[in-house]
Amino acid sequence: MSVEKKNQLSDKQLSILESEMKKYGKSVGVAYLLLIFLGTLGIHKFYLGKALWGTVYLLLGIIGLGSWFAGSLVAFGGIPELAGSLGAIGSLCLGILSILILIDLFTLPRQVRKIYEKAEEKIINELLLSQKSQES
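If you're matching positions, the sequence shown starts at 0 in numbering that gives the first Met the number 0 and goes up one per residue.
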């Protein structure tokens, strides 16, 4: 975020900025709790407003756990080839998901900060634009 742009705002605009930013405030703690307890469903990504990534996590989790479970049932049914294939698909999906969750464990604070900074930059630009249009 540009400090120069923020310095161009009036006191009234700064108070508007502050009140608007409360809407975008995401808690790193809440994001971590969602990651730890519901990470395989991508709930933490939905919380951060990243619906596409949330959907990817959700699909990987459902396909991975579903394939593993189905593979276990098929193995008891006596079709080991199919059980092995389903188990491999499940393991692959859950492996990819595990890597993504591990990455999120280390990058979550930065992700929250970027979302906040992006929203702040957008609001500042809108305030400056409205200020310029009022001056004209």
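Quick reminder that beta carbons are idealized off the backbone N, C-alpha and C, glycines included.
>> For L16 and N6, I'd like the C-alpha separation in whole angstroms.
In response: Each residue's alpha carbon lies about 12 Å from the other.
>> Comparing C-alpha positions only, which one of V29, I62 and G65 sits nearest to L104?
In response: Selected option, being the one with the closest Cα: V29.
> What does a CB cutoff of less than 7 Å around Q110 pick up in its chain, not counting 5 residues either side in sequence?
Replying inline: Result list for Q110: L47, in chain order.
> Taking the alpha carbon of S18 as the point to measure from, which residue in L64, L34, I123 and L33 has its own alpha carbon closest?
Replying inline: Of L64, L34, I123 and L33, the residue nearest in Cα terms is I123.
> Whose CA, out of A74, G86, G77 and G63, lies closest to the CA of L96?
Replying inline: The option with the nearest alpha carbon to L96 is G63.
> For G53 versus I100, is the C-beta distance shorter than 8 Å?
Replying inline: In this structure, G53 lies away from I100, with their beta-carbon atoms at least 8 Å apart.
> Heavy atom of the ligand ADP less than 7 Å from the Cβ of L81, yes or no?
Replying inline: Within the structure as shown, the ligand ADP is missing, as the structure has no ligands at all.
> What number of angstroms, rounded off, separates the C-alpha of E125 from the C-alpha of I114?
Replying inline: Each residue's Cα considered, the two are about 17 Å apart.
> With 16 other CB atoms within 10 Å as the buried threshold, where does L85 fall?
Replying inline: Classification for L85: buried.
>> Comparing C-alpha positions only, which one of K25, I61 and E120 sits nearest to G41?
In response: Closest option to G41, Cα to Cα, is I61.
>> Checking 8 Å against the spacing of the C-beta atoms, do L34 and L107 come in under that value?
In response: In contact: L34 and L107 (Cβ atoms closer than 8 Å).
> Which of the three DSSP states, helix, strand or coil, is assigned to L8?
Replying inline: The three-state reading of DSSP puts L8 in coil, since its state is none of H, G, I, E or B.
> For the stretch 39-80, which segments carrying the alpha helix (DSSP H) assignment without a break, of at least 4 residues, lie completely within its bounds, in sequence order?
Replying inline: Listed in chain order, the complete alpha helix (DSSP H) runs (minimum 4 residues) inside the stretch 39-80 are 42-46 and 50-76.
>> Along the chain, where does the alpha helix (DSSP H) containing G28 start, and where does it finish?
In response: Element bounds for G28: V27 to L37.
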